[in-house]
Each structure stands twice: as structure tokens, then as C-alpha cells.
Amino acid sequence: MRPEHGCAITGWGSALPSTVVTNQDMMTLFDTGDEWVHERTGIRQRRAADGPFVNPKPPVSPPGGMGTTAQLAAEAGRSALQVAGLTGADIDLLVLCTTSPDQLVPATSSPLAHALSIKGGGMDINAACAGFTYGLVTSAGFIASGAERVLLIGAETLTRITNWADRSNAFLFGDGAGAVVVEAVPGEPALLGWDIGVDGSLQPLFFSDHGGQGMTMRGQEVFRKAVRVTVESATKSLERAKVRAAEIALFVPHQANVRIMDAVAERLGIPAGRVASVIEHTGNTSSASIPIALTDAANSGRLAEGDLVLFAGFGAGMTWASAVWRWGGGPVR
Ligand code: UT7
Numbered sequence: 165m166r167p168e169h170g171c172a173i174t175g176w177g178s179a180l181p182s183t184v185v186t187n188q189d190m191m192t193l194f195d196t197g198d199e200w201v202h203e204r205t206g207i208r209q210r211r212a213a214d215g216p217f218v219n220p221k222p223p224v225s226p227p228g229g230m231g232t233t234a235q236l237a238a239e240a241g242r243s244a245l246q247v248a249g250l251t252g253a254d255i256d257l258l259v260l261c262t263t264s265p266d267q268l269v270p271a272t273s274s275p276l277a278h279a280l281s282i283k284g285g286g287m288d289i290n291a292a293c294a295g296f297t298y299g300l301v302t303s304a305g306f307i308a309s310g311a312e313r314v315l316l317i318g319a320e321t322l323t324r325i326t327n328w329a330d331r332s333n334a335f336l337f338g339d340g341a342g343a344v345v346v347e348a349v350p351g352e353p354a355l356l357g358w359d360i361g362v363d364g365s366l367q368p369l370f371f372s373d374h375g376g377q378g379m380t381m382r383g384q385e386v387f388r389k390a391v392r393v394t395v396e397s398a399t400k401s402l403e404r405a406k407v408r409a410a411e412i413a414l415f416v417p418h419q420a421n422v423r424i425m426d427a428v429a430e431r432l433g434i435p436a437g438r439v440a441s442v443i444e445h446t447g448n449t450s451s452a453s454i455p456i457a458l459t460d461a462a463n464s465g466r467l468a469e470g471d472l473v474l475f476a477g478f479g480a481g482m483t484w485a486s487a488v489w490r491w492g493g494g495p496v497r
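Position one of the sequence shown corresponds to residue 165 (the numbering used here), numbered consecutively onward.
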């Protein structure tokens, strides 16, 4: 361990498939409406790498082809490396957070590492929609243990496991990827406080079986639990970081439902103007949603050196994770 070494996010990037699926498009599949979906979720459209609007006739796209989790992850990863001024050869560890891997074996991080010319090490993390925040805590831990540079990516092709006949939840999900480079730097640690958790007794609330119908969810129960566990987890992270909610410059929540995001921000006491939100255009992209929203905020100039950022996510499992991070501190290249 080398606690004297800090870490910094020095690159960021995102990728979305080209196919846009609007709420109106959803009306061709089942009885629904744009206003109903928007009022309930804040979503107007999502991007799809698969599903009926991309591949009207199964079988779905083959592993390794266009529109896979690895392909989206590679595009986001390349953008993050470019912003950091690095190449894959500089990376000690690739961490891919995904709940929609391209194959059962090997981990999707393996072909992804090949695509990005990474030789240092690679692994997948599946903590569902809490995955990216689990990955951020993991990355900071590897840096504290001696790694110099970690490429952390959240990437999903949820449209491959969406039950397109289920009008109770099919409109929620979308595909995409977001990535950050986490680097060792001199100085103070950037990860000021964190919390992770899992409650496996809640597995029946949200699951997808091998060869099954796709994602099955008890929406209202997930909603209620999500608000509670996210607030509790974020409160623990803030306490451990010795940071007050009023000091948070940007809250980057998992983008599951704008009503959940608003309820969590309100209970924590974070003003709506400090919440990063892309859900209207992306839907719920699970592990990818936080790094996509972070990239959007960083590219829009919403983050300054020294800003305190709160990340918080929850997902199937049920899992949850949160982290308080001090932005900036990267090397000048
Ligand atoms: O990553 C994370 C995991 N998931 C989540 O975060 C999802 C959490 N849950 C939710 O976001 C919400 O529960 C949903 C958006 C999924 C659903 O919203 P809701 O306010 O809980 O609606 P509901 O399921 O209670 O349905 C209300 C009504 C029902 O009609 P009745 O029984 O009141 O007459 C449904 O039949 O809306 C009806 N309905 C629809 N109407 C139009 C259900 N699906 C649709 C639809 N279009 N697609």
C-alpha cells in the first residue's frame, strides 16, 4: 500500500449506438404513450444496439461484432484514453463493469483488452447498475496497491436481455458505454469516502435467467427500495468523507428513473441544479449510466479542479454503492 499516493480521473469518454428508439417507436410494440413514459421516468428516447428496431429477425448479433458490449466499451475507452493522453499500452488494469457480457466465457474484458492493446490485466465486474461505482472503488484500491493506471469502463447492451413484449419495463432500458482513466498521482487521495452493499434476499425483485424471457422486474418495489438504499449509502459515504451534502458540486446518480434521482437528491439536500442527468436521451444504461452522465458533465464544463463529486447507484441483486470523489489533481501533459 502507498497511501501517500493520490489518484485522479484524467480521462473520460462515452459511446452510444447509432439507432435511436423513441417512446413513439415503443408504441409499435405495445400499448403505451410518450407522455406516460416521460412522466413516469423522464425518458424520451434510448439507443439500441440490438432488439426489434435493430435486428427485426433473431438471432441477435454475434459476439465480437458491431453493437456488442465490447464494441461500445472500446469506443468509450478510446475516447477516455485520448483525453488522458495515453494508449492501451500505458494501462496496468482494465476493469469492465457490465451486466450484459457478450459471452459467458471468457470475460468481455478479454476481447476488449485485445481491441485496446491492453496487456496489464483485465477483469469484469457484475454488480448490475451499481457496477461502475463498485469499479471506481476497486480502481482506487488497485492504485493504492501499486497500479499506476486503470481504465474503468461501464458498458451495456441491455437491449439483448430486454423482454420487448413486457410493457411494464421494456421502455426503461438502453445501450451505451462510459469510461474513465484513473491514475496514480502525488498528493491527497481523491476517493474520500465510499460505501458498497448487497442484499441477495431481494434477487426476485429484478432478474434475467439464462435462456429466459429477458429482464423481469417488480417495478414499484424496486423504486421504493432504490430510493431508500441509495440515500442510506450516500449518507454513509458523505459521513466517511466528512463532507456535507451542501458541499457537493455535482451529484452523479445512476440514471434509472428521474423520479428516483430527484427523490434521492431531495432527501440528501442536494439542489436539482447540481444533479447530472442524461436519462431523457439514454434511458437506463445500467453500469454505463454514471460514466455517461459524468462525461456529459465534464464535457459541458460542469466540473472544476477541487470539486466534490458524489456517485451513487443501485441495481439488481439488490446491490448499491456510493463514493465521494475530489475532482482534478491530474498530471499536466
Ligand atoms: O436499474 C434499475 C432498476 N429499475 C428501476 O429503477 C425501475 C423502478 N421502477 C420504476 O421506475 C417504475 O415502477 C416504473 C416506471 C417501471 C413503472 O411506473 P409506476 O408508476 O410504478 O407504474 P405502475 O407499474 O404502477 O403502473 C401504473 C399503471 C398501471 O395501470 P393501472 O393498473 O393503474 O390501471 C399499468 O397497467 O400504468 C399501466 N402501465 C402502462 N401504461 C402505459 C404499465 N406499463 C405501461 C406502459 N404504458 N408502458
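From the three backbone atoms N, C-alpha and C, an ideal C-beta is built for every residue, glycine too.
Quantities reported herein were computed from a predicted structural model and do not represent experimental measurements.
#1: Hey, quick one: how far does the alpha helix (DSSP H) through Arg388 stretch, first residue to last?
#2: Suppose only complete runs of 3+ residues qualify. What are the beta strand (DSSP E) ranges in the segment 307-362, listed by chain order?
#3: For Asp288, which residues of its own chain have a beta-carbon under 7 Å away from its beta-carbon, when the five flanking residues on both sides are left out?
#4: Buried or exposed for Gln419, please, with buried defined as at least 16 other CB atoms from any protein chain shown within 10 angstroms of its CB.
#5: Enumerated in chain order, which unbroken segments of the alpha helix (DSSP H) with a length of 4 residues or greater are wholly contained in the segment 422-464?
#6: Can you grab the Cα-Cα spacing for the pair Gly433 / Lys400, in whole Å?
#7: Is there contact between the segment 241-251 and the segment 364-380, where contact requires at least three CB pairs shorter than 8 Å?
#8: Could you work out which residue in Gln267, Pro220 and Arg313 is closest to Gly249 when comparing CA atoms only?
#9: By Cβ distance, which residues of its chain are closer than 6 Å to Gly229, with the 5 residues on each side in sequence left out?
#10: So which of Ile456, Val416, Gly310 and Glu469 has the shortest CA-CA distance to Gly177?
#11: Going by C-alpha to C-alpha distance, which of Gln188, Gly437, Pro495 and Arg388 sits closest to His202?
#12: To which residues of the same chain is Pro220 closer than 8 Å at the C-beta, ignoring the five residues directly before and after it?
#13: In the DSSP output, what is Ala179 paired with across the bridge?
#14: Since Asp339 and Pro181 are thought to touch, with beta carbons under 8 Å apart, how far apart are those beta carbons, to the nearest angstrom?
#15: Can you tell me the Cα-Cα spacing of Ile360 and Trp491, whole angstroms?
#16: By how many angstroms is the C-alpha of Gly286 removed from the C-alpha of Glu320?
#17: Does the beta-carbon of Thr251 have 16 or more other beta-carbons within 10 angstroms, so that it is buried, or is it exposed?
#18: If we count Cβ pairs, one from each stretch, closer than 8 Å, do we get three or more for the segment 376-393 versus the segment 401-412?
#19: For Gln209, count neighbouring C-beta atoms within 10 Å of its own C-beta (all shown protein chains included) and say buried if the count is 16 or more, exposed if not.
#20: Secondary structure at Ser225, three-state DSSP: helix, strand or coil?
#21: Between Ile207 and Leu300, which are expected to be in contact by the criterion C-beta below 8 Å, what is the C-beta distance as a whole number of angstroms?
#22: Are Thr174 and Gly494 touching if we call contact CB-CB under 7 Å?
#23: Whose C-alpha, out of Ser332, Thr459, Thr394 and Gly447, is nearest the C-alpha of Trp484?
#24: Which residues in the same chain have their Cβ closer than 6 Å to the Cβ of Asn290, if we skip the five residues on either side of it in sequence?
#25: Under DSSP, the beta strand (DSSP E) around Leu258 begins and ends at which residues?
#26: Nearest-angstrom Cα distance between Trp200 and Cys171?
#27: Quick one: what does DSSP say His278 is sitting in, helix, strand or coil?
#28: Exposed or buried, Asp195, counting other C-beta atoms within 10 Å across all chains shown (16 or more means buried)?
#29: Buried or exposed for Gly437, going by 16 or more other Cβ atoms inside 10 Å?
#30: Please determine whether the Cβ atom of Arg204 lies at a distance below 6 Å from any heavy atom of the ligand UT7.
#31: So what does DSSP say about Asp266, is it helix, strand or coil?
#32: What do you get for Ser365, buried or exposed, if any count of 16 or more other CB atoms within 10 angstroms of its CB means buried?
#33: Return the chain-ordered list of same chain residues with a C-beta closer than 7 Å to the C-beta of Thr326, the five sequence neighbours on each side being excluded.
Quick answer:
#1: As a first step, residue 388 must be located in the sequence shown, where it is residue number 224. Gly383 to Ala405 is the extent of the alpha helix (DSSP H) around Arg388.
#2: 313-321, 339-350 and 355-362
#3: On the sequence shown, residue 288 is found 124 positions in, with the first residue counted as 1. Answer for Asp288: Leu260, Thr262, Pro265, Ala271, Thr272 and Ser273, listed in chain order.
#4: Here residue 419 refers to the residue found at position 255 of the sequence shown. With 16 or more other Cβ atoms within 10 Å, it is buried.
#5: 422-432, 443-446 and 453-463
#6: Numbered from 1 along the sequence shown, position 269 holds the residue referred to as residue 433. Numbered from 1 along the sequence shown, position 236 holds the residue referred to as residue 400. Straight-line Cα distance between these residues: approximately 14 Å.
#7: no
#8: Counted from its first residue, the sequence shown places residue 249 at position 85. Out of Gln267, Pro220 and Arg313, Arg313 has the C-alpha closest to the C-alpha of Gly249.
#9: Along the sequence shown, one-based indexing puts residue 229 at 65. Confidence in Gly229 is poor, its pLDDT being 42 and thus under 50, which makes the residue's placement too unreliable to answer from.
#10: In the sequence shown, counting from the first residue as 1, residue 177 sits at position 13. Among Ile456, Val416, Gly310 and Glu469, the Cα nearest to that of Gly177 belongs to Ile456.
#11: If you number the sequence shown from 1, residue 202 lands on position 38. The shortest Cα separation from His202 among Gln188, Gly437, Pro495 and Arg388 belongs to Gln188.
#12: Locating residue 220 in the sequence shown gives position 56, where the first residue counts as 1. Hits under 8 Å: none found.
#13: For the purposes of this step, residue 179 is identified with residue 15 of the sequence shown, where counting begins at 1. Partner(s): Ala341.
#14: Locating residue 339 in the sequence shown gives position 175, where the first residue counts as 1. Locating residue 181 in the sequence shown gives position 17, where the first residue counts as 1. 5 Å between Cβ atoms; contact.
#15: In the sequence shown, counting from the first residue as 1, residue 360 sits at position 196. In the sequence shown, counting from the first residue as 1, residue 491 sits at position 327. One C-alpha to the other measures close to 21 Å.
#16: Within the sequence shown, the letter at position 156 stands for residue 320. Within the sequence shown, the letter at position 122 stands for residue 286. Their backbone Cα atoms lie some 17 Å apart in a straight line.
#17: Along the sequence shown, read from residue 1 onward, the residue named residue 251 stands at position 87. With fewer than 16 other Cβ atoms within 10 Å, it is exposed.
#18: no
#19: For the purposes of this step, residue 209 is taken as the residue at position 45 of the sequence shown. Classification of Gln209: buried, given that the 10 Å Cβ count is 16 or more.
#20: Residue numbering aside, residue 225 sits at position 61 when the sequence shown is read from its first letter. For Ser225, the predicted structure reports a pLDDT of 49, less than 50, and the residue's modelled location is therefore unreliable. A value from the coordinates is still provided. Of the three classes helix, strand and coil, the one that applies to Ser225 here is coil, per DSSP.
#21: Counted from its first residue, the sequence shown places residue 207 at position 43. Counted from its first residue, the sequence shown places residue 300 at position 136. Between Leu300 and Ile207 the Cβ distance is about 25 Å, and since that is not below 8 Å, they are no contact.
#22: By one-based count along the sequence shown, residue 174 stands at place 10. By one-based count along the sequence shown, residue 494 stands at place 330. Yes; because the gap between Cβ atoms is below 7 Å, this pair is in contact.
#23: The sequence position of residue 484 within the sequence shown is 320, counting from 1. Minimum Cα distance to Trp484 is reached at Thr394.
#24: Here residue 290 corresponds to residue number 126 of the sequence shown, with the count starting at 1. Closer than 6 Å at the Cβ level, and outside the excluded window around Asn290, lie Thr263.
#25: One-based indexing of the sequence shown puts residue 258 at position 94. Leu257 to Cys261 is the extent of the beta strand (DSSP E) around Leu258.
#26: Here residue 200 corresponds to residue number 36 of the sequence shown, with the count starting at 1. Here residue 171 corresponds to residue number 7 of the sequence shown, with the count starting at 1. Approximately 43 Å between the Cα atoms of the pair.
#27: Walking along the sequence shown from the start, residue 278 turns up at place 114. Looking at His278 - three-state DSSP - the assignment turns out to be helix.
#28: Position 31 of the sequence shown, counted from the start, is the residue given in the question as residue 195. Exposed: under 16 other Cβ atoms inside 10 Å.
#29: Mapped onto the sequence shown, residue 437 falls at position 273. Its Cβ having fewer than 16 others within 10 Å, Gly437 is exposed.
#30: Reading the sequence shown from its first residue, position 40 is the one you call residue 204. Checking every heavy atom of the ligand UT7 against the Cβ of Arg204, one is found closer than 6 Å.
#31: One-based indexing of the sequence shown puts residue 266 at position 102. If DSSP states are grouped into helix, strand and coil, Asp266 belongs with coil.
#32: To locate residue 365, count along the sequence shown from 1; it is residue 201. Answer is exposed; the Cβ neighbour count stays below 16.
#33: Here the question's residue 326 lines up with position 162 in the sequence shown. If we look at Thr326 and ignore the five residues flanking it on each side, its Cβ neighbours are Gly215, Ala334, Phe337, Gly378 and Met379.
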